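See structure below.
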DNA sequence: TACTGATTTAGTACTTGGTACTAAAACGTG
DNA sequence: CACGTTTTAGTACCAAGTACTAAATCAGTA
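Chains as they are written, first to last, in the UniProt record's numbering: chain H, 1 to 186; chain Y, 1 to 186.
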C-alpha cells in the first residue's frame with residue numbers, strides 16, 4: 001500500500017481543485033490504484049463525475065461572468081493617513097470561506113491586514129518583512145471585517161504596523177507587521 | 001416542410017447561443033424533425049456536441065477564474081503525509097505580483113504556506129490560530145515557490161506546523177503556524 | 001408523369017466516461 | 001487464524017453522442 005486511503009483521498013480532492021478535468025482513469029494511473037478505487041473515493045468524498053464537474057463550471061460561467069479582479073488592497077479602504085493609520089472593510093463572501101463550514105480562510109484576513117499595512121506606509125517600495133499574527137476567533141460568511149492599522153514604530157528602513165480586525169466590536173484578528181521600505185519620499 | 005433547412009439552421013444557431021445546454025434530442029423535439037437532421041445541421045454549421053460545448057465553456061471559465069477563485073490549497077500539492085509533512089508548488093504569475101515592481105504580494109506566499117499547513121493536518125475542522133512569519137527575500141514574477149511543511153509539535157487540540165518556502169535552493173519565506181483542530185479521527 | 005437531386009429519416013455499430021451493483025481477492029491487525 | 005477493511009474485477013446499463021449506410025420523402029422540372 002503506497003498511500004493510505006485517507007491520504008489518497010485528500011490528495012485526490014486537492015488535485016481536483018487544481019485540475020478539475022481529470023478522468024477517473026487518469027487519477028487511477030497517477031495513484032497506482034484501480035479505477036474502482038477512485039470511484040469509491042469520489043463517492044465517499046461526494047465528488048461528482050467529470051461531466052458533472054464540467055457542466056457545473058460551464059453553468060457558473062454562463063449565468064454570471066465573474067468579475068473578481070485582483071485588487072490593490074484587499075477590502076475597501078475607508079480611512080487613510082499615510083504613515084499613521086488606516087481602516088479597511090471586507091465583507092466575507094462565498095469565495096472567502098471553506099465550503100464545508102463557511103468559515104473564512106485565514107489568508108483572506110491576513111491579506112486584508114497585510115495589504116492595509118503596506119498601503120499606509122508611504123514609500124516607493126514597500127514589502128512585508130515579518131509578521132506575527134493571531135486569528136482570535138473564526139469569521140463566518142456574511143460578517144464584515146473592519147481592519148484598523150496603526151503605525152507604531154519607525155526606523156530608517158522599517159516601519160512597524162499593528163493591525164487589529166473587528167467584526168462589530170469583537171476582535172477577530174490581530175497582527176504585527178514589520179514592513180520594509182525604500183526610496184522614501186522620492 | 002414546416003421550416004426550410006436554412007431557416008431551421010439559423011434558428012438552431014441562435015437558440016444554441018442563448019441556451020448552450022440543449023441536447024440534440026431536445027432540439028429535434030422543438031423543431032419537429034428527427035435527431036439525425038439536427039446532427040446533420042450541427043455538422044454543416046460546425047457546431048460541436050453538447051459535451052464539447054460544455055467542456056469549452058468550463059475551460060474558459062477555469063482559465064479565467066482559477067487564480068481568483070478559492071482553491072482548497074493555493075498552489076499544487078505534490079507530496080502529502082497526513083500529520084507529518086507536505087509539499088506544494090506555486091508559480092508566481094501576473095495576478096500575484098504588484099504591477100509596479102513585479103514582486104509577489106506577501107499574502108500569496110502566506111496563503112500558499114497557510115493552506116498547506118492546514119491541509120497536512122488530518123481532522124474534520126482545521127483552523128489557523130496564530131502564525132509567525134518571515135518574508136526572507138522578495139519573490140519575482142515567474143519564480144516557482146516550493147513550500148515544505150513539517151509538523152513539529154502536537155497537543156490534544158493544536159498542531160504546530162513549520163513551513164519553509166524555497167525558490168530553487170533559496171529560502172524566501174518562513175512561517176510557524178499554530179493550527180487548531182477538532183473532531184480528530186471521528 | 002416520371003425522374004432527379006436535395007433533404008430527411010431510420011437504423012446499426014461503436015465511443016467515452018461514467019453509474020450501480022455483485023463478488024472475489026488481498027491486506028492488516030487483534 | 002479470523003474478521004473487517006480496502007481494493008480489484010467484472011457485468012449490465014446509461015447519456016449523448018460519432019460514423020456510417022441505406023431507405024424514404026419532397027420539390028421542381030424535363
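All C-beta atoms in this analysis are idealised placements derived from N, C-alpha and C, irrespective of residue type, glycine included.
It should be emphasised that the depicted structure is a prediction, and the values quoted were computed from it without experimental measurement.
{"Item": "In terms of residues, what are the limits of the beta strand (DSSP E) holding residue 107 (chain H)?", "Value": "Unbroken run through residue 107 (chain H) is the alpha helix (DSSP H), 106-120; no beta strand (DSSP E)."}
{"Item": "Compare the C-beta of residue 85 (chain H) against all C-beta atoms of chain Y and say whether one is closer than 8 angstroms.", "Value": "no"}
{"Item": "Going by other Cβ atoms of all chains shown within 10 Å of its Cβ, with 16 needed for buried, is residue 182 (chain Y) buried or exposed?", "Value": "exposed"}
{"Item": "So with Cβ pairs under 8 angstroms, would you call residue 135 (chain Y) a contact of chain H?", "Value": "yes"}
{"Item": "Is residue 37 (chain H) helix, strand or coil by DSSP?", "Value": "helix"}
{"Item": "Helix, strand or coil, according to DSSP, for residue 52 (chain Y) in the structure here?", "Value": "helix"}
{"Item": "Chain Y beta carbons: is any one of them nearer than 8 angstroms to that of residue 182 (chain H)?", "Value": "no"}
{"Item": "If you follow the beta strand (DSSP E) that residue 80 (chain H) is in, where does it begin and where does it stop?", "Value": "76-81"}
{"Item": "Out of curiosity, what's the CA-to-CA distance linking residue 59 (chain H) and residue 155 (chain Y)?", "Value": "44 angstroms"}
{"Item": "How would you write the range of the alpha helix (DSSP H) that residue 14 (chain H) sits in, first residue to last?", "Value": "5-18"}
{"Item": "Of all the residues that make up the UniProt domain \"Thioesterase\" (115-172) of chain H, which are near chain Y by a beta-carbon distance shorter than 8 angstroms?", "Value": "115, 118, 125, 127, 128, 129, 130, 131, 132, 133, 134, 135 and 138"}
{"Item": "Compare the C-beta of residue 64 (chain H) with all C-beta atoms of chain Y and state if any pair is closer than 8 angstroms.", "Value": "Below a pLDDT of 50, predicted positions are generally treated as unreliable, and residue 64 (chain H), at 44, falls in that range; the measurement from the model is reported next regardless. With 8 angstroms as the cut-off, residue 64 (chain H) does not count as an interface residue toward chain Y."}
{"Item": "Can you tell me which of Y:11, Y:101 and Y:170 puts its alpha carbon nearest to the alpha carbon of residue 144 (chain Y)?", "Value": "Y:170"}
{"Item": "Quick one, which of Y:133, Y:128 and Y:127 has its alpha-carbon nearest residue 129 (chain H)'s?", "Value": "Y:133"}
{"Item": "Note down, in chain order, every chain Y residue with its Cβ under 7 angstroms from the Cβ of residue 57 (chain H).", "Value": "58, 61 and 62"}
{"Item": "To be precise: take each residue of the region 20-47 of chain H, compare its Cβ to all Cβ atoms of chain Y, and keep it if any distance is under 9 angstroms. Which residues remain?", "Value": "20 and 21"}
{"Item": "Please return the same chain residues whose Cβ sits closer than 6 angstroms to the Cβ of residue 104 (chain Y), not counting the five positions on each side in sequence.", "Value": "92, 96, 97 and 139"}
{"Item": "Answer with yes or no whether the minimum CB distance from residue 106 (chain H) to chain Y is below 8 angstroms.", "Value": "yes"}
{"Item": "Along the chain, where does the alpha helix (DSSP H) that runs through residue 24 (chain H) open and close?", "Value": "24-31"}
{"Item": "Using 8 angstroms as the Cβ pair cut-off and three pairs as the minimum, do the region 121-128 of chain Y and the region 101-121 of chain H touch?", "Value": "yes"}
{"Item": "According to DSSP, what are the bridge partners of residue 127 (chain Y)?", "Value": "Y:180"}
{"Item": "Between residue 165 (chain H) and residue 113 (chain H), how many whole angstroms is the CB-CB distance? I'm expecting something under 8 angstroms.", "Value": "6 angstroms"}
{"Item": "Does the region 23-39 of chain H come close enough to the region 19-34 of chain Y to have 3 or more Cβ pairs within less than 8 angstroms?", "Value": "no"}
{"Item": "Would you say residue 79 (chain H) and residue 87 (chain H) are within 8 angstroms of each other, going by their C-beta atoms?", "Value": "yes"}
{"Item": "Is residue 105 (chain H) near the ligand FAD - that is, is its Cβ less than 7 angstroms away from at least one heavy atom of it?", "Value": "Absent from the structure shown: the ligand FAD. Ligands present: none."}
{"Item": "Per DSSP, residue 161 (chain H) is paired with what?", "Value": "H:151 and H:177"}
{"Item": "Closer than 8 angstroms by C-beta to residue 56 (chain H): which residues in its own chain qualify, once you throw out the five before and the five after it? Chain order, please.", "Value": "48"}
{"Item": "Cβ atoms of residue 117 (chain Y) and residue 77 (chain Y): under 8 angstroms apart, would you say?", "Value": "no"}
{"Item": "For residue 62 (chain Y), which three-state DSSP category applies?", "Value": "helix"}
{"Item": "List, in order along the chain, the chain H residues whose C-beta lies closer than 9 angstroms to that of residue 111 (chain Y)?", "Value": "105, 106, 107, 108, 110 and 111"}
{"Item": "Taking only the alpha-carbon atoms, compute the straight-line gap between residue 121 (chain Y) and residue 148 (chain Y) and give it to the nearest angstrom.", "Value": "14 angstroms"}
{"Item": "Apart from the five residues just before and just after residue 160 (chain Y), which ones in its own chain have a Cβ nearer than 8 angstroms to its Cβ?", "Value": "151, 152, 153, 154, 176, 177, 178 and 179"}
{"Item": "Based on Cα-Cα distance, which residue from H:124, H:89, H:43 and H:141 lies nearest to residue 101 (chain H)?", "Value": "H:141"}
{"Item": "For residue 137 (chain H), is the classification buried or exposed, using 16 other Cβ atoms within 10 angstroms of its Cβ as the cut-off for buried?", "Value": "exposed"}
{"Item": "Would you kindly report the start and end of the unbroken beta strand (DSSP E) that includes residue 86 (chain H)?", "Value": "85-91"}
{"Item": "Below 8 angstroms on the Cβ atoms is my contact criterion, and I expect residue 110 (chain H) with residue 110 (chain Y) to pass it. Report the Cβ-Cβ distance as a whole number of Å.", "Value": "5 angstroms"}
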